[in-house]
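Reading through the structure tokens given below for one structure.
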Amino acid sequence: MDASLVGGTSGKNFAGFMEFGNNDVTGEPALMHYPGSCAVKSQELSSYPGCYRCDLTENVFMARTQDILAVGGWSKELKIKEHKDIFLRLKAARKKVVYCKNFRIENRRSKKGSYDEKAYKKKRLGREKQMVQKFLNHWNVVELIEIDNRDYLYMGLKIFSLLLMWVLLFKQFM
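Each step along the sequence shown adds one to the number in our numbering, with nothing skipped, and position 28 is 142.
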């Protein structure tokens, strides 16, 4: 496979496409992420059943080291949103990212009491706002908009039904 990165899932279908645009309401620049859209929007790779071209996957992947280093490697500044950051840089460099739905990793938590989960969550939440703002500033957007796959499918079905109605109306006048 000629991909720079092949990813899978650990349970949540995070793999999807990203695009820059504007918030429909405010008009402000935004980054849209469509989680779960790979298998919906992208064609299955013929040589690899269950695998799709994508923009990003979960942090469950294998990557070519030279391709990760070629886009600058992992951000030294970002501790949160570093994942989307590197995938955006791979996309900008036209590197091939593939999501394989059968590539699964199980995340087994360590035994209770082996680390202070409450302290970890507090520390993560404490710096999340700062990290998100750094990410947004770096990519020159005001917000990150997650568009659920069900919304994406709904929009597609809505457009399809409108086209179908138009075709049926058009046929009545022919």
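For every residue, glycine included, the Cβ atom is placed at its ideal position computed from N, Cα and C.
Item to check | Those residues which DSSP pairs with H147 across a bridge | outcome: Walking along the sequence shown from the start, residue 147 turns up at place 33. In DSSP, H147 forms a bridge with M132 and E260.
Item to check | Same chain, Cβ closer than 7 angstroms to M245, neighbours up to 5 away in sequence not counted | outcome: Counted from its first residue, the sequence shown places residue 245 at position 131. If we look at M245 and ignore the five residues flanking it on each side, its Cβ neighbours are L192, K193, I194 and K195.
Checklist entry - Just reading off the beta strand (DSSP E) that G121 is part of, what are its end residues? => result In the sequence shown, counting from the first residue as 1, residue 121 sits at position 7. G121 -> beta strand (DSSP E) spans L119 to T123.
Next on the checklist: Mapping the DSSP letters down to three states, classify M115 as helix, strand or coil.
Outcome noted: Numbered from 1 along the sequence shown, position 1 holds the residue referred to as residue 115. The answer is coil: DSSP assigns M115 none of H, G, I, E or B.
Item to check | Extent of the continuous beta strand (DSSP E) to which Q177 belongs | outcome: Position 63 of the sequence shown, counted from the first residue, corresponds to residue 177. For clarity, residue 177 is Ala in the given sequence; the question names Gln instead. Segment F175 to A177, the beta strand (DSSP E) holding A177.
Checklist entry - Just to confirm, are V255 and L145 a CB contact at a threshold of 8 angstroms? => result Indexing the sequence shown from 1 puts residue 255 at position 141. Indexing the sequence shown from 1 puts residue 145 at position 31. Against a cut-off of 8 angstroms, the Cβ pair of L145 and V255 comes out as a contact.
Checklist entry - Is the segment 167-176 touching the segment 118-133 in the sense that three or more CB pairs, one from each, lie closer than 8 angstroms? => result yes
Item to check | Beta-bridge pairing of R167 - partner residues as DSSP gives them | outcome: Residue 167 sits at position 53 when you count from the first residue of the sequence shown. DSSP lists V212 as partners of R167.
Next on the checklist: Under DSSP, the alpha helix (DSSP H) around D199 begins and ends at which residues?
Outcome noted: Here residue 199 refers to the residue found at position 85 when the sequence shown is read from its first residue. Looking at the DSSP string, the run of the alpha helix (DSSP H) that includes D199 is E196 to A206.
Checklist entry - Just curious, the alpha helix (DSSP H) that E231 is in, first and last residue? => result Walking along the sequence shown from the start, residue 231 turns up at place 117. Segment E231 to H252, the alpha helix (DSSP H) holding E231.
Checklist entry - I think G164 touches N216, with their Cβ atoms under 8 angstroms apart; what is that distance to the nearest whole Å? => result Start at 1 with the first residue of the sequence shown, and residue 164 comes out as number 50. Start at 1 with the first residue of the sequence shown, and residue 216 comes out as number 102. That belief holds up - the Cβ atoms of G164 and N216 are roughly 5 angstroms apart, short of 8 angstroms.
Checklist entry - Tell me, which residues are paired with R222 by DSSP? => result By one-based count along the sequence shown, residue 222 stands at place 108. None; R222 has no bridge partner.
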